[in-house]
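Enquirer: Oh and the sequence shown: position 241 is 273 in the working numbering, straight run, nothing missing. Beta carbons: idealized from backbone N, C-alpha and C, even for Gly. My questions will all concern the structure given below.
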Amino acid sequence: MQTNLSFLDSLCAALPEAGLVIDTSADAVRALNPAAKHMLGPAARVGARFSDWLGEGLAQFIVFMEELDHRGEAWTRDVGLVVGDTVVACELRARRLPTAPDHIFLMLLDLAALERRAQQVDTARLHRAGLLEWKRARDFFAELEHQNQLILNAAGEGIYGVNAEGNTTFVNRAAQEMLGWTVEDLAGKPIHDMIHHHHLNGDVYHSHDCPIYRSFRFEQVNRIEDEVFWRKDGRPIRVEYVSTPIYDQQVLAGAVVIFRDITERKENELRLQTALEEIASLRDRLEQENAYLQEAISTERAHHDIIGTSPSVRQLLTRIEQVAATDATVLITGEAGTGKALVANAIHNASPRRRRPLIHVRCGAVAPGAMEAELFGQIRGAYQGALRDKPGKLELAHGGTLFLDDVEELPVETQGQLLRALQEREVTRLGDTRSRSIDVRVIAASTRPIEKEVAAGRLREDLYLWLNVFPVVCHPLRDKREDIPALAAHLLRLASKRMNRTPPVITQHSMQRLLDYAWPGNVRELRNVIERAAIVSQGNKLIVDLGEAVPRSKSAPSRLRTESDLEAEMRRALLDCLAATAGRVSGAGGAAALMGIPATTFYSRIKKYAITPQEWQSPDT
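So, in structure tokens, the structure goes:
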């Protein structure tokens, strides 16, 4: 064994890399060479514990040894050796000694040294490449000296030479065409001052900073991928070039420059980058808008469902089922609060377009002057205040469904443009000349009698005829009173869930009050009444507050509430929600969520009804 170790000691000493023989059973170094001592420091000696150099890498070394036991040899770069206060990144290569199974031969490669050698190889390769460029330049000069100017002039790249003083010695035809300078203009003159005098941003380009001058002053080959040469007419061109020093009988004579005009390529890259940024911005904006719209739809669906077993509800569900699978245009009519938006959602969600957005356009909520931009979009500068490109609702609905709520509120001058866009299946943004194809399914809704709107001239007849392919009627709640118990129970569950409360019981008395009420606001009013009752109810019984409204009487017709009655009820509902949430409007559990409307709408109603904090903070509210 001693003889073997002596042999291995000699073998380690002969290796240029660090090598050790380790007794794994004793965790002891049995042999090592000077390179290993140099790498591992003063503690490296025969008999030293190898594990002392492993530190936190002991676990990885154990895995390495398991691979060695399995394969007979192994290597890894996952184990760093602790030398003093430094962890040395190494490559470990190991092999079991056949004459001594408990001994391994371990070779250590310093990765930092490997990287330095790799850099030296790269440097040598670059140097050889530079020499190659130099040889090419020398060949160019040789061809010039032998009256072979045709070869230079046949080159598609610009080529010019300078002497050791930086003065022009020759310019080929391609360079003259690209720069606009002739040989007579440049010959014998400092070409840097002619074509390379300024940066693109206007800063002076000093010759001592010029890579071309460094080529013959410091004997460097310089490859530049993006700089500017200036034409005779003062226009810049973007270039990439290689500047190579040239010699005459081992004496530095100057440099040769080979360049290519990359102006068009850089402009295309800039346009592409701009387009990609615009696409990314548009994608983000569309995702945000779609997320907002989907959230709004989800919120609305959370407050509603098509509930009921009355004949009118069954008929409505049948109509939805009939038309959903088609692309037919649907016209939904009905009083305010009868669930027209819910029907539109149901048709869209049951259609093949359900994976694309349902874009809801509230025609009565957009200022007449802004409706055209709202529907068709705009480009930057289309009108004063148009600061960016913006797609319209028709574009956003591409592949999906466009829901025109309160379609009779559309400005008459916009109706014709909308009809033309829908018929031609293309849209042009304001200020733009380029049309965009659209694939949109249209659902419209009207609160007022649609035929009267047409007769009064507020809705174009041709638009009405285009929309009225498949009419759907939403009946008022007073015509389907048998659905009120199920609707009330459903709405109460939703309201209680949002408020994290156990739903109170709807007593027979309260239910009778709901049945006897006229419900001029339909399901929307029922929802508000139930939510308000859920807020104010104490204990386990629902307290229904129908205000001062007169209930429906079997002997006398019910008094219909006036606009002021409805506004007073809405104002009280807003106060109740604010009081229940301590004035917090937005967010989960906020007043807007309790009422089932967007926060922006809630804020606008606060402003409309001039509600002050003192009102909802008062015990009387």
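Buried or exposed, going by whether 16 or more other CB atoms sit within 10 Å of the CB of S275?
Expert: buried
Enquirer: Can you tell which of C506, L163, G89, R127 has its C-alpha closest to the C-alpha of R109?
Expert: G89
Enquirer: Can you look up P630 in the DSSP assignment and give me helix, strand or coil?
Expert: coil
Enquirer: Give the secondary structure of T446 by DSSP, where H, G and I count as helix, E and B as strand, and everything else as coil.
Expert: helix
Enquirer: Quick check: G193 and I278, are their CB atoms within less than 9 Å of each other?
Expert: Taking 9 Å as the Cβ cut-off, G193 and I278 qualify as a contacting pair.
Enquirer: Apart from the five residues on each side of it in sequence, which residues of its chain come closer than 8 Å, Cβ to Cβ, to D265?
Expert: Same-chain partners within the cutoff: G212.
Enquirer: Using CA atoms only, rank isn't needed, just tell me which of A357, L218, G286, A76 is closest to W262.
Expert: L218
Enquirer: Are E353 and A397 close, meaning C-beta to C-beta below 9 Å?
Expert: E353 places its beta carbon 9 Å or farther from that of A397.
Enquirer: Around the C-beta of Q447, are 16 or more other C-beta atoms found within 10 angstroms, so that it is buried, or is it exposed?
Expert: buried
Enquirer: Which residues in the same chain have their Cβ closer than 8 Å to the Cβ of N199, if we skip the five residues on either side of it in sequence?
Expert: G220, K221, P222, I223
Enquirer: For L100, collect the residues of the same chain with a Cβ closer than 6 Å to its Cβ; drop the 5 residues on either side in sequence, then sort them by chain order.
Expert: A106, A126
Enquirer: Using C-beta distances below 8 Å, list every residue in its chain close to P66, excluding the 5 sequence neighbours before and after it, in chain order.
Expert: A45
Enquirer: Are the beta-carbon atoms belonging to A405 and V472 less than 9 Å from one another?
Expert: no
Enquirer: Taking 6 Å as the limit between beta carbons, can you name the residues of its chain near R616, skipping five residues before and five after?
Expert: Excluding sequence positions up to five before and after R616, its CB lies within less than 6 Å of the CB of G622, all in the same chain and listed in chain order.
Enquirer: Excluding the five sequence neighbours on either side, which residues of its own chain have a C-beta within less than 7 Å of the C-beta of I575, listed in chain order?
Expert: A565, V568, S569
Enquirer: Determine the direct distance from the alpha carbon of L499 to that of S542, and round the result to whole angstroms.
Expert: L499 has its alpha-carbon roughly 42 Å from the corresponding atom of S542.
Enquirer: Any idea which residues DSSP pairs D293 with across the strands?
Expert: V271
Enquirer: Tell me whether the stretch 407-419 and the stretch 496-511 touch, counting them as touching only if at least three CB pairs, one residue from each stretch, are closer than 8 Å.
Expert: The stretch 407-419 is not in contact with the stretch 496-511.
Enquirer: Thinking V740 and T361 are a contact (beta carbons under 8 Å), I'd like their distance in whole angstroms, please.
Expert: Outside the modelled stretch of the chain, which goes from 33 to 653, sits residue 740, for which no answer is possible.
Enquirer: Starting from the Cα of W648, find the closest Cα among L607, S636, G619, A624 and give me that residue.
Expert: Considering only alpha carbons, the answer is L607.
Enquirer: Alpha carbons only, please: which of I191, V111, R513, T370 is nearest the one belonging to V271?
Expert: I191
Enquirer: Alpha carbon to alpha carbon, how far is L558 from D515? Give it in angstroms, no decimals.
Expert: 12 Å
Enquirer: So within the stretch 334-384, which uninterrupted beta strand (DSSP E) runs reach at least 3 residues, ignoring any that extend past its ends?
Expert: Correct list: 362-366.
Enquirer: How far does the beta strand (DSSP E) with P503 in it extend, from its first residue to its last?
Expert: Run containing P503: 502-506, per the beta strand (DSSP E) assignment.
Enquirer: Report the three-state DSSP secondary structure of C122 (helix, strand or coil).
Expert: strand
Enquirer: Can you pull the DSSP bridge partners for S478?
Expert: T365
Enquirer: So, with DSSP's three-state summary, where would you put V576?
Expert: coil
Enquirer: In the structure shown, what three-state DSSP assignment does V194 receive?
Expert: Strand.
Enquirer: Looking at the secondary structure, which residues open and close the alpha helix (DSSP H) in which E99 lies?
Expert: 90-103
Enquirer: Who are the Cβ neighbours of T201 in its own chain at under 7 Å, not counting the five residues just before and after it?
Expert: G193, V194, N195, G286
Enquirer: Between which two residues does the alpha helix (DSSP H) holding M226 run?
Expert: 223-227
Enquirer: Quick check on D293: buried or exposed, where buried means 16 or more other Cβ atoms within 10 Å of its Cβ?
Expert: buried
Enquirer: Taking the straight line between their C-alpha atoms, what separation do you get for M97 and D241?
Expert: Distance between the alpha carbons of M97 and D241: 56 Å.
Enquirer: Count the C-beta pairs between the stretch 363-381 and the stretch 413-421 that are closer than 8 Å, then say yes if the count reaches three, no if not.
Expert: no
Enquirer: Can you tell me where the alpha helix (DSSP H) holding I244 begins and where it ends?
Expert: 243-249
Enquirer: For T633, does the count of other Cβ atoms within 10 angstroms reach 16, so buried, or fall short, so exposed?
Expert: T633 is exposed by the Cβ-count criterion.
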